[in-house]
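Chemist:
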Amino acid sequence: LFSAEPGVAELAFLVEDRWQGRGLGSALARMLVVEARDLGFAEVRTSMLADNARMRRLLVALGATLAYTDDPGVVEARLPVGALVSA
Numbered sequence: 198l199f200s201a202e203p204g205v206a207e208l209a210f211l212v213e214d215r216w217q218g219r220g221l222g223s224a225l226a227r228m229l230v231v232e233a234r235d236l237g238f239a240e241v242r243t244s245m246l247a248d249n250a251r252m253r254r255l256l257v258a259l260g261a262t263l264a265y266t267d268d269p270g271v272v273e274a275r276l277p278v279g280a281l282v283s284a
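Taking my numbering, I'd label the letters of the sequence shown as residues 198 to 284.
(1) Can you round the beta-carbon distance between V272 and M245 to whole angstroms, since I take them to be within the 8 angstroms contact cut?
(2) Check for me: the beta strand (DSSP E) holding L263 runs from which residue to which?
(3) Straight-line CA distance for G270 to A247?
(4) With a threshold of 16 other CB atoms inside 10 Å of the CB of G237, please say whether the residue is buried or exposed.
(5) Does the distance from the CB of L221 to the CB of L208 come in under 8 angstroms?
(6) How many Å lie between V230 and Y265 at the Cα?
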């Protein structure tokens, strides 16, 4: 987690290919969002390639909204930390 904007934490992590599909990404995302909330952030944001369907589904399941950016092929997710959904 890092912050370039007051109240907003930027989330970034990687699950190596051979470990994907085991729930690690969901667990990491949930833990980082909870940590952001506990640190006083109001929102978590992350950017990803638009074709990263697993990450898009994971974040939407947690309550994030997705939007395309000015950079073609890149999607930004915004998740108010109070909106964390049990997924």
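The C-beta atom is built at its ideal place from N, Cα and C for all residues, glycine as well. Since the structure is predicted, the reported quantities are computational estimates derived from the model, not experimental observations.
Modeler: Per the coordinate set shown:
(1) With a beta-carbon spacing of about 6 angstroms, V272 and M245 fall inside the 8 angstroms limit used to define contacts.
(2) Run containing L263: T262 to Y265, per the beta strand (DSSP E) assignment.
(3) Taking the straight line from one Cα to the other gives about 5 angstroms.
(4) Classified as exposed, G237 has fewer than 16 neighbouring CB atoms from the shown chains inside 10 Å of its CB.
(5) At the C-beta level, L221 and L208 stay beyond 8 angstroms of one another.
(6) Within the model, the alpha-carbon separation for V230 versus Y265 is close to 21 angstroms.
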